[in-house]
Amino acid sequence: MKLKKISDNEWEISKEGKMQVPAKIFASENLMVKIKEDNTLNQIKNVSMLPGILKYAIAVADAHEGYGFPIGGIAAFDLDKGIISPGGVGYDINCSVRLLKTNLTKEGVLKNQKKVADSLFRKIPSGVGRGSKFQITRKEINKLLEQGAKYVVDKGYGFEGDYLNMEEEGCIKGADASKVSERAIKRGIGQLGTLGAGNHFLEVQFIDEIYDEKIAKLFGLEKGQITIMVHCGSRGLGHQVASDYIKKMEDEYGFKNLPDRELINAPIKSQLGKDYFSAMACAANFAFANKQIITHWIREELKYIFPEIKIDVVYDVCHNIAKFEEHFVDGKKKVVCVHRKGATRSFGPGRKEIPEKYRTVGQPVIIPGSMGTASYLLVGTKKAEEITFGSTVHGAGRVSSRSMAMKNIRGEEVKERLRKKGIEVKSGSWKALASEAPEVYKDIDEVIRVVDEIGLNKKIARLKPIAVIKG
Amino acid sequence: MKNKVYAKKFKFLEHTADMKFQAFGNSVEEVFENSALAMFSAMSDGKVAEKNKFKVKAEGRDYENLLYNFLEELLILFDSEGFFLAKIMNLKIKSKKLEAGVIGDDAKNYELAVDVKAITYNEMFVKSDGKKKKWTAQVVLDV
């Protein structure tokens, strides 16, 4: 493999063999050390071999090994010659992050820190396989899958303003519940309003640094203000949609000619390709609705402690998704199918997809750090639209395995360490806590420095945790 | 002479983000059984009570596909019924069709550290030593 350094933060794997296009990696020398260690480079090279891929396959600064596509992998495909791949979206479809702002201040919440953590932990189901209080019938869930966040808002779980401030306004169009299997529904129907486990979390934070006063003001944010971040996805339903379509595509097309069995795909124009998109959209809408229910419960619960509390959605971004978007390719504007796996959309000012009130400054981009470290609010840029099909990183990215972490780190010790830093952590499992210890992730500050330097994003604010609920 | 080829039922290997295991067995049935046990031990590694019983069926066009489908059936049982596996009874594989009885307990009774989202085909294999006496399966779980 020929890996060339193009500039400080840009690397290229030259086109060779079956590669249709080159592959590019946007990362610093520092972050490349880790990226080179696992299978990331091979995986992004494999992506560049897929039919109809445009310009180049992309891995961003937080990239690490996944299955099929690497995490932090981005690829855009031509609608006529290109493909859509469940392995390019991921199993946790629309694993995503929502940022809420409150009218509370750091001082007000610190006085009630433990109470806040305890009550949110009690109210919001988290962890592996914990059931939900949210009940929905088999017939009604079809509507939820097709309407997303709006469906639950109409049922009294929030306000219109909530879903207007989400990517795709909380509903990906083209969702068709008849394309989702009974097995997928069986896995997900009892999981609405649950965080799940793994890297999912709910975090109470305060704004400790503002980098751009003007834009922060437009988002309604200022130093010392309390924000809440929710990271979760489409739970068992999304996982099963991915599995179902991987199998269907294997039956239809086989995998013999693929560099990796997990890169199974279908032409975008084929019936199976269209069906997958419709089912994927349902799973994405499930994830939007899931976070909307959680948002409603956060509002309910925190009212007991802070009767005057007001909570609004700043924005909500998708991580694992395929989208039809307009981009410039060879100087011409055209609609392409962008796959973002462990990557975030990062549109610059003016795009019609951005809520009107934010449109002049660019799309809000929410990047969570690892547990106990800072998270960032940024905006997208024109540069990102030019070089990464309007995409950027999604978080810190893992550097070491869960099994290693669970062997070498104790959850009790992680909790104590974070408490000393002023952070209250709640989790149903010590081992789960250990597996998400801050040291198993890349340095978020370095990841953010790099995307800011490349110009994929512009920094707006830094958010520091006070209370963390881990799945 | 019956030689016990493997003392270990399974072991976990390094993987940055997900969990990768190898399961072993003296027959294809045994390697499937041990793969199922490995998957549940990724979630929680204590002893599990034997209270509930289910029947599981799966089909596949090759052993990898069959293993994927079998493990997926168990995941669906876990998500929809809260079933946590203790042991497997009478696992039979005939012309790529599998049937087994599974015994376990309600997952609520255990501390679960890892949520298995899906089985993947990434680096997956099911193979034997040629004499079909030593079997190894490798699976990466998306967690």
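If you're matching them up, the sequences are chains D and L in order. Just add 2 to wherever you are in the first sequence, counting from 1, and you've got my numbering. Just add 21 to wherever you are in the second sequence, counting from 1, and you've got my numbering. Note that CB positions come from ideal geometry on N, CA and C, so glycine has one too. Just so we're clear, the structure is a prediction, and the values are computed from it rather than from any experiment.
Within 10 angstroms of the beta-carbon of GLN273(D) lie fewer than 16 other beta-carbons, which makes it exposed. In the DSSP assignment, MET40(L) falls within the beta strand (DSSP E) that extends over 40 to 46. When the five nearest sequence neighbours on each side are left out, the beta carbons in the same chain lying within less than 7 Å of the beta carbon of SER48(L) are those of TRP156, in order along the chain.
Think of a sphere of 9 Å around the beta carbon of TYR93(D): the chain L residues whose beta carbon falls inside it are LYS138, ALA139, THR141, ASP163, in chain order. Among the bridge pairs identified by DSSP, VAL232(D) is matched with ARG100(D), LEU204(D).
Cβ contact annotation for GLU94(L) (same chain, cutoff 8 Å, sequence separation greater than five): VAL77, LYS78, ALA79, in chain order.
The Cβ atoms of PHE290(D) and GLY150(D) sit closer than 8 Å to each other.
Of all residues in the segment 32 to 66 of chain D, those with a C-beta nearer than 8 Å to a C-beta of chain L are ASP40, HIS66, reading in chain order. Each residue's CA atom was taken as its position, placing ILE266(D) and PHE257(D) some 6 Å apart. With contact defined as three or more Cβ pairs closer than 8 Å, the segment 316 to 323 of chain D and the segment 331 to 350 of chain D are in contact.
PHE161(D) counts as exposed, since fewer than 16 other beta carbons sit within 10 angstroms of its beta carbon. Closest in alpha carbon position to GLN193(D), among TYR84(L), GLU102(L), GLU35(L), ASN86(L), is GLU102(L). Think of a sphere of 8 Å around the beta carbon of GLU426(D): no beta carbon from chain L falls inside it, the nearest being about 20 Å out.
Of all alpha-carbon atoms in ASP39(L), VAL160(L), ARG82(L), the one lying nearest the alpha-carbon of LYS117(L) is that of ARG82(L). Rounded to whole angstroms, the gap between the alpha carbons of LYS312(D) and GLU109(D) is 16 Å. Contact of ARG464(D) with chain L is not assigned, every C-beta pair being separated by 8 Å or more. GLN137(D) counts as exposed, since fewer than 16 other beta carbons sit within 10 angstroms of its beta carbon. At least one C-beta of chain L is nearer than 8 Å to the C-beta of HIS241(D). Residues of chain L with a Cβ closer than 7 Å to the Cβ of GLY129(D) are, in chain order, LEU133. With a threshold of 16 other beta carbon atoms within 10 Å, PRO53(D) falls short and is exposed. Along the length of the segment 109 to 147 of chain L, whole beta strand (DSSP E) runs at least 3 residues long occupy 118 to 127, reported in chain order.
In the structure shown, GLU18(D) falls within a coil segment according to DSSP collapsed to helix, strand and coil. When beta bridges are read from the DSSP output, ILE73(D) appears opposite HIS66(D). Between LYS384(D) and TYR213(D), the C-beta gap is not smaller than 8 Å, which leaves the two residues out of contact. For ILE296(D), the three-state secondary structure derived from DSSP is helix. Near chain L, meaning a CB-to-CB distance below 9 Å, the residues of the segment 258 to 281 of chain D are ASP262, ARG263, GLU264, ILE266. According to the DSSP assignment, ALA324(D) belongs to the beta strand (DSSP E) that extends over 323 to 331.
At a cut-off of 8 Å between beta carbons, MET406(D) contacts chain L.
ASN267(D) carries a coil assignment under DSSP once its states are collapsed to helix, strand and coil. Annotated as proximal: ALA186(D) and LEU239(D), with beta-carbon spacing under 8 Å. In the three-state reduction of the DSSP assignment, PHE105(L) falls in the strand class, which pools E and B. In the displayed model, PHE279(D) falls within a helix according to three-state DSSP. CA-to-CA, the gap between ALA29(D) and GLY74(D) works out to about 11 Å. Not a single CB atom of chain L sits nearer than 8 Å to the CB of LYS417(D).
Among the residues of the segment 351 to 369 of chain D, none has a Cβ less than 8 Å away from any Cβ of chain L. Residue nearest to ILE143(D) within the set LYS444(D), VAL452(D), ALA285(D), ASP447(D) is ALA285(D) (criterion: CA-CA distance).
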